[in-house]
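Read the structure below first, then the notes.
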Amino acid sequence: MSSDTAEILEVAIKAKITVTFGFPKRGHLLFPGKEYTAFY
Numbered sequence: 010m011s012s013d014t015a016e017i018l019e020v021a022i023k024a025k026i027t028v029t030f031g032f033p034k035r036g037h038l039l040f041p042g043k044e045y046t047a048f049y
């Protein structure tokens with residue numbers, strides 16, 4: 010998954026938890042990338 014555009018590249022897994030350093034990237038918060046990240 011592209012963390013900047015949220016584009017799903019060839020293979021992506023759905024996370025149970027997502028860790029970022031600093032701040033979440035745009036791709037973590039936009040569809041379809043949001044479906045593959047897990048922020049609490």
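Just so you know, we're using my numbering here: the sequence shown kicks off at 10 and counts up by one. For each residue, glycine too, the CB sits at the ideal point set by N, CA and C.
Judged by DSSP secondary structure, L38 falls within the alpha helix (DSSP H) whose first and last residues are R35 to L38.
Non-local beta-carbon contacts of A24 in its own chain, meaning distances under 8 Å to residues more than five positions away in sequence, involve Y45, T46 and A47 in chain order.
Per the C-alpha coordinates, the member of D13, H37 and E19 positioned closest to T27 is H37. The Cβ neighbour count for G42, taken over all protein chains shown within 10 Å, is at least 16; the residue is labelled buried.
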